[in-house]
Every structure is written in structure tokens, then in C-alpha cells.
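Those protein sequence lines, which keep their order, are chains A and B. Position 25, counted from 1, in the first sequence is what this note's numbering calls 15; the numbers after and before it change by one each time, with no gaps. In this note's numbering, each residue carries its 1-based index in the second sequence increased by 98. What follows is a single structure, written as C-alpha cells, with notes after it.
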Amino acid sequence: NAGVTQTPKFQVLKTGQSMTLQCAQDMNHNSMYWYRQDPGMGLRLIYYSASEGTTDKGEVPNGYNVSRLNKREFSLRLESAAPSQTSVYFCASASVAVNYGYTFGSGTRLTVV
Amino acid sequence: TQLLEQSPQFLSIQEGENLTVYCNSSSVFSSLQWYRQEPGEGPVLLVTVVTGGEVKKLKRLTFQFGDARKDSSLHITAAQPGDTGLYLCAGKTQGAQKLVFGQGTRLTINP
């Protein structure tokens, strides 16, 4: 089925470890996004890529880096994980052709201990 | 900073009742969307409204975009347990390439 695929679904890291969250979409969307969702905080934008070759910071970029590998793939890297980065991470893609209606992945639940 | 305020934040009602969720802002949006999120899943797009005053219906759900395109409402008629979930509104301003999300309304429909 067409959509957004995120891996892994679950991950436990120790403080200071690094990891990369992977995201791929097969809908030929130009724009891709990384959000984190915490209880009571709603969805907060970490980074986004309006088109292949560009990336921009969202409202909570500190501690993260991103790579728009190609039109399909947008990865999120935690270089040195901290307990404050314990969260559920969602990747989404969108296109101006559908009024930027987002298609979300099913999320990665990350725990940093 | 653009903000979308949703109300109420939490709502628990009995099956068969009607309810309305509100999404308000001081910003003008070129489009506004509603999403529903179930536990363990990502949000799923329900509807997009783009014209001031626009009304869209999705079975028992009615979505309205305010005339000034600063607010929206979601009305559910005869709520069912399957309507339980987190409802999110999100707006896009002219020229922006990302959405602004509200904090969400957590809806519980009790059998």
C-alpha cells in the first residue's frame, strides 16, 4: 500500500548513544517532515524538507540532524541521545497538489535511559 | 508565532450524544485540515477545507471553516465508540510549506 514507512517501530537507547530513524514515502511527495509527540505537548516540528535538496529547522531542532537522501527518503539522526528525547517520532510527507494534506507514518517509539 | 487553540482538550460523552470541537486562531489560513489519531498510530487526514464558510460532511462528521478563515469546527452527530481518538486541527498559511497543529482534543465515547 502507498504511504509512509518508518523504521524502527520501537527503540531503547542508552544516554549518549546515537541512532538514525528512517523514513520513506512512495507517493512522489515533494515535502517531508519529522515531528515528535509528547503527552500534553501535541505535535512539534523538528525539521522539514520542502523539496529534495533542502532542509529547514522546525521549532525543536536541537539535538537532531536530518538528511534528505533523495525524493523518497528523509532520515532523522540523534547524535548523542538524551532522556529528554524520549518521545514518539512521526515522519510525514505532503504535496502542494493535495493542499499539503499530510500522510503520516505509524511512528517510532524511542526511549532513552 | 501562529497558534491554533483547540477546545475542549478532553471530552468524554455517552454513545449517541452530539459534540462539537473548536479550533481557533488569530491567523488567517489558506487551508485547514482535521486529523484523527488512534493509539499507536500516526494521525490520519479526515478533511481539508479551503474556502471561508465551507462545510464538508463525512458521514456523521461535519466540518466547517469560518468565514474569515481563522477558525474551524468539527461536529459529530450520534457519536459512536469508534469515534474515540485524538482529533487534531492543522492550518496552512499562504506561502507556507508546513502546517501549524493544534494541541488536540482527546475524545472518548463510552458505550
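We put the CB at the ideal spot given by N, CA and C, even for glycine. Keep in mind it's a predicted model, so treat the numbers as computed, not measured.
Exposed unless 16 or more other CB atoms sit within 10 angstroms - verdict on residue i
i        : result
A/Asp28  : exposed
B/Pro141 : buried
B/Thr203 : buried
A/Ser77  : buried
A/Lys4   : exposed
A/Met31  : exposed
B/Arg123 : In the sequence as presented, Arg is not what sits at residue 123 of chain B; that position holds Ser. B/Ser123 is buried by the Cβ-count criterion.
B/Ala177 : buried
B/Gly200 : buried
A/Gly95  : buried
A/Ala14  : buried
CB-CB length for residue i against residue j, believed under 8 Å
i        : j        : result
A/Ser65  : A/Gln12  : 5 Å
A/Arg26  : A/Tyr79  : 5 Å
B/Ser278 : B/Leu130 : Past the edges of chain B, shown from 99 to 209, lies residue 278 of chain B, and the structure says nothing about it.
B/Ala166 : B/Val126 : 7 Å
A/Leu68  : A/Gly48  : About 15 Å; that fails the 8 Å criterion.
B/Thr206 : B/Ser110 : 4 Å
A/Gly6   : A/Ala71  : 7 Å
B/Asn208 : B/Glu103 : B/Asn208 to B/Glu103, Cβ: 26 Å. No contact.
For residue i, the first and last residue of its enclosing beta strand (DSSP E)
i         : result
B/Lys155  : 153 to 156
A/Leu66   : 64 to 68
B/Ser170  : 169 to 174
A/Thr98   : 98 to 102
A/Asp28   : 21 to 28
B/Thr182  : Counting along the chain, B/Thr182 falls outside any beta strand (DSSP E), and DSSP gives it neither H nor E.
B/Phe127  : Looking at the DSSP string, B/Phe127 is not in any beta strand (DSSP E), and its letter there is neither H nor E.
B/Val148  : That residue, B/Val148, is in no beta strand (DSSP E); it is neither H nor E in DSSP.
B/Leu159  : 159 to 163
A/Asn55   : 54 to 58
A/Thr(-5) : -6 to -3
B/Glu231  : With chain B covering only 99 through 209, there is no way to say anything about residue 231 of chain B.
A/Val2    : 0 to 3
B/Leu109  : 108 to 112
Closest residue to residue i among the options (Cα-Cα distance)
i         : options                                 : result
B/Gln135  : B/Ser129, B/Gly180, B/Lys196            : B/Gly180
B/Cys187  : B/Val153, B/Lys155, B/Val147, B/Gly193  : B/Val147
A/Lys(-1) : B/Gln192, B/Glu139, B/Asn122, B/Ser110  : B/Glu139
A/Asp16   : A/Asn60, A/Lys47, A/Tyr37, A/Thr5       : A/Asn60
A/Glu42   : A/Ser96, A/His19, A/Gly97, A/Ala87      : A/His19
A/Thr98   : A/Trp24, A/Gly(-7), A/Ala(-8)           : A/Trp24
B/Leu156  : B/Gly150, B/Thr149, B/Leu172, B/Gly164  : B/Leu172
A/Tyr92   : B/Lys190, B/Pro209, B/Glu113            : B/Lys190
A/Ser8    : A/Asn55, A/Ser96, A/Ser21, A/Pro51      : A/Asn55
A/Val103  : A/Val(-6), A/Thr(-5), A/Gln1, A/Gly(-7) : A/Gln1
A/Ser21   : A/Leu100, A/Thr(-3), A/Thr101, A/Ser57  : A/Ser57
A/Thr(-5) : A/Ser85, A/Glu63, A/Gln75               : A/Glu63
B/Ile115  : B/Gln195, B/Thr182, B/Val198, B/Gln192  : Inspection of the sequence shows that residue 115 of chain B is occupied by Glu rather than by Ile. Checking every option, the nearest Cα to that of B/Glu115 belongs to B/Thr182.
B/Gly164  : B/Tyr133, B/Gly193, B/Val198, B/Cys121  : B/Cys121
B/Leu159  : B/Gly151, B/Lys168, B/Trp132            : B/Trp132
A/Thr(-3) : A/Thr101, A/Cys81, A/Ser39              : A/Cys81
DSSP bridge partner residues for residue i (one or two, in chain order)
i        : result
A/Thr93  : A/Ser83
B/Gln192 : Per DSSP, none; premise fails for B/Gln192.
B/Thr203 : B/Tyr185
A/Lys47  : A/Tyr37
A/Met119 : Outside the shown range of chain A (-9 to 103) lies residue 119 of chain A, about which nothing can therefore be said.
Residues within the segment 40 to 67 of chain A neighbouring chain E, beta-carbon criterion of under 9 Å: In the structure shown, chain E does not exist; the protein chains are A and B.
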